[in-house]
Amino acid sequence: MRSALVLVRAVAGLEWMVAEEVTAAGHRVVEVSKRQVVAEGLGRPPRVADDVFVVYGTAPDPGRSRASVMAGVRAALPSAPDVPCAPGSGGAFAVSASVVGVRNFNRYDVEDVVGERIARLIGGTYHSRRHGVVPPEDRAEWRVVLDGKTLWIALRPYAEPLHRRPYRQHTVPGSLHPPVAAAMARLADLAPNHHVLDPFCGAGTLLLEAHHLQPGAYYLGIDRDPAATAAAHSNWTAASGGVERWAAGTQRRGGGVGAGGARGAGVVWGTEDARGVEGVFERVVSNPPWGVRVGAGGVPSAVRRWRRVLQPGGLVVVIVMPEQVRLLGRGWRVLGRYGVAVRGRHPVILVAEPSRS
């Protein structure tokens with residue numbers, strides 16, 4: 008029996024990594040396209056994924072005309088789909104659409120056609136986004152994708168988008184999108200007993216994703232803004248079920264990065280200037296200021312410091328704007344470069360090691 012198809016939505020530029028994670032979990036990848044991976048069946052959702060939707064209807068992409076959209080939607084949903092208890096109460100639901108290519112209609116036209124079709128087939132109250140009205144929070148969320156080849160109609164099986172992590176109680180300006188942080192953690196090739204530094208930790212997203220991937224490593228997150236480290240500490244407490252880890256008495260080597268030298272105990276947070284950080288680390292992972300919402304004046308000095316604290320064979324995984332790539336120029340050997348698109352910006356993830364020259 009064929010498993011249900013699943014649309015796994017991805018950050019642009021990370022589709023390949025989502026596909027790798029799906030395959031590693033034992034599921035078949037059907038196709039990969041811009042911002043989307045189609046898979047057969049899915050157990051635990053990929054950490055790098057932006058969101059996940061279960062497919063309930065498909066049809067050939069209807070093309071450019073508005074009239075053809077109605078015919079395509081009827082072909083994709085000829086009868087009421089067998090939807091198990093969808094998230095939301097009172098039958099409220101909304102539809103969001105992604106449309107690839109030039110069309111004679113907009114996303115709201117697609118959303119309204121699908122929303123009205125679903126309401127007619129299975130009932131419920133459709134909440135359109137056409138006029139800027141925000142749908143009720145407690146709702147089911149349908150997704151429509153016209154990718155140039157196929158019209159997909161799918162339903163999110165969860166109450167919240169996958170990228171909305173439960174631990175993320177607080178953010179600060181420049182906070183990293185969690186799936187991007189998860190991707191950086193995977194690129195860091197973390198291992199048990201690694202000592203990992205984030206010298207611009209912000210609200211802690213990157214190290215929390217790294218710890219989720221590799222809980223056997225020791226993590227130190229610092230930021231010169233006390234509000235940022237307080238946010239990171241609060242998020243870590245939410246993620247770890249109330250375990251307290253603060254910078255007082257932190258050991259940076261020997262006993263491990265952990266309060267009281269507890270091995271593999273989690274993440275330590277401290278208020279400190281990245282330009283003066285001490286210690287020895289196998290990995291530096293970071294989202295330094297881009298100079299957009301947070302000033303980037305101290306970043307070059309901090310990057311020079313990384314060469315001093317990295318163990319031989321150590322790696323840096325950093326996300327920067329294209330104009331900041333030169334920070335890892337002389338004295339560094341770039342092993343990988345991955346462009347992504349996040350909130351209208353196009354940063355680059357770099358994986359690098361100190362060069363011998």
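Residues 8 to 364 (my numbering) are what the sequence shown spells out, left to right. Even glycine gets a Cβ: it sits at the ideal position worked out from N, Cα and C.
Going by DSSP, what residues sit across from isoleucine 160 in a beta bridge?
Gly64, Val151.
task = Kindly list the residues whose CB is nearer than 6 angstroms to the CB of glutamate 279, restricted to its own chain and excluding five residues on each side of it in sequence; keep chain order.
result = Short of 6 angstroms from the beta carbon of glutamate 279, and not among the five residues preceding or following it, lie these beta carbons of its own chain, in chain order: Ile229.
Q | Inter-residue Cα distance where the pair is serine 135 and arginine 124 | A | Those two C-alpha atoms are separated by around 13 angstroms.
inquiry  = Quick check for students: name the residue ranges of the beta strand (DSSP E) that lie wholly in the segment 150–229, counting only runs of 3 or more.
reply    = Taken in chain order, the whole beta strand (DSSP E) runs of length 3 or more contained in the segment 150–229 are 157–162, 202–205.
Is it the case that the Cβ atoms of valine 306 and leucine 204 are separated by a distance below 8 angstroms? Not closer than 8 angstroms, so no.
Entirely enclosed beta strand (DSSP E) segments - the segment 274–361, minimum 3 residues
Runs of the beta strand (DSSP E) inside the segment 274–361: 274–278, 288–293, 317–327, 339–346, 355–361.
Practice problem: On a CA-only basis, which of Val152, Gly98, Gly70, Ala126 is nearest valine 62? Give me that one, please. | Solution: Of Val152, Gly98, Gly70, Ala126, the residue nearest in Cα terms is Val152.
Open item on the list: Short of 8 angstroms in beta carbon distance, which residues of its chain neighbour glutamate 22, apart from the five on each side in sequence? Order them along the chain.
Closed with: Closer than 8 angstroms at Cβ, skipping near neighbours: Val39, Ser40, Lys41, Arg42, Gln43, Val44.
Delimiting residues of the beta strand (DSSP E) encompassing arginine 16 = Element bounds for arginine 16: 12–16.
Glutamate 118, buried or exposed, once every other Cβ within 10 Å from all chains shown has been counted against 16:
It counts as buried.
Can you list, in chain order, the residues of its chain whose CB lies under 7 angstroms from that of serine 241, leaving out five sequence neighbours each side? Hits under 7 angstroms: Gln176, His177.
#### Entry: Three-state secondary structure assigned by DSSP to serine 103
It is a strand residue.
- Message: Taking 8 angstroms as the cut-off, does the segment 146–161 touch the segment 185–195 (at least 3 CB pairs, one atom from each stretch)?
- Response: Flag = no, the segment 185–195 and the segment 146–161 do not touch.
Range covered by the alpha helix (DSSP H) that runs through valine 121: Valine 121 -> alpha helix (DSSP H) spans 114–129.
In terms of DSSP beta bridges, what is alanine 46 paired with?
-> For alanine 46, the pairing in a beta bridge is given by DSSP as Val13, Val36.
Please return the same chain residues whose Cβ sits closer than 6 angstroms to the Cβ of glycine 343, not counting the five positions on each side in sequence. Excluding residues within five positions, the ones whose Cβ falls inside 6 angstroms are Val358.
Q. From tryptophan 313 to proline 85, what does the alpha carbon distance come to, in whole angstroms?
A. The straight-line gap from Cα to Cα measures roughly 59 angstroms.
| said: Could you tell me the alpha carbon to alpha carbon distance between valine 25 and valine 141, rounded to whole angstroms? | reply: Taking C-alpha positions only, valine 25 is separated from valine 141 by approximately 29 angstroms.
| query | Nearest to glycine 131 by CA position, among Arg352, Val121, Pro233, is which residue? | reply | Proximity to glycine 131 across Arg352, Val121, Pro233 peaks at Val121, based on C-alpha coordinates.
- Item | valine 284 to glutamine 331 span [Cα, whole Å] | Distance between the alpha carbons of valine 284 and glutamine 331: 21 angstroms.
For this session: Kindly indicate which three-state DSSP category valine 59 falls into: helix, strand or coil?
Result: Reduced to three states, the DSSP call for valine 59 is strand.
Verify whether the separation of the beta carbon atoms of alanine 56 and alanine 83 is less than 8 angstroms.
Between alanine 56 and alanine 83, the C-beta spacing is not below 8 angstroms.
Next item on the list: Would you tell me roughly how many angstroms separate the C-alpha atoms of proline 329 and valine 90, rounded to the nearest one?
Entry: Looking at the two C-alpha atoms, the distance is approximately 45 angstroms.
**Q.** Segment limits, alpha helix (DSSP H) that includes asparagine 242
**A.** Annotation for asparagine 242: the continuous alpha helix (DSSP H) segment containing it runs 233–247.
*When the Cα atoms are used, what is the spatial distance from proline 185 to serine 308?*
Our two residues, proline 185 and serine 308, have alpha carbons roughly 27 angstroms apart in a direct line.
query: Are the CB atoms of phenylalanine 100 and tryptophan 149 nearer to each other than 8 angstroms?
result: Cβ atoms of phenylalanine 100 and tryptophan 149: closer than 8 angstroms.
Per DSSP, the bridge partner or partners of threonine 30
Paired residue(s): none; threonine 30 is not in a bridge.
Practice problem: Drop a sphere of 10 angstroms on the beta-carbon of glycine 108, count the other beta-carbons inside from all chains shown, and report buried for 16 or more, exposed for fewer. | Solution: Of the residues assessed, glycine 108 falls on the exposed side of the cut-off, its CB having fewer than 16 other CB atoms within 10 angstroms.
With a threshold of 16 other CB atoms inside 10 Å of the CB of valine 80, please say whether the residue is buried or exposed. Looking at its Cβ environment, which holds 16 or more other Cβ atoms inside 10 Å, valine 80 is buried.
Three or more C-beta pairs under 8 angstroms: does that hold for the segment 333–349 against the segment 212–221? No, the segment 333–349 does not touch the segment 212–221.
- Among residues of its own chain, excluding the 5 on either side of arginine 259, which ones have a beta-carbon nearer than 6 angstroms to its beta-carbon? Caution applies to arginine 259, whose pLDDT of 48 falls short of 50 and renders its modelled position unreliable; the value that the coordinates give is listed next. Only Gly286 meet the Cβ criterion.
- prompt: Alpha carbon to alpha carbon, what distance is there between arginine 54 and valine 29?
  reply: For valine 29 and arginine 54, the distance between alpha carbons rounds to 10 angstroms.
Sorted by chain position, which residues of the same chain lie with C-beta nearer than 6 angstroms to alanine 245's C-beta, five sequence neighbours on each side aside?
-> Excluding residues within five positions, the ones whose Cβ falls inside 6 angstroms are Tyr174, Gln176.
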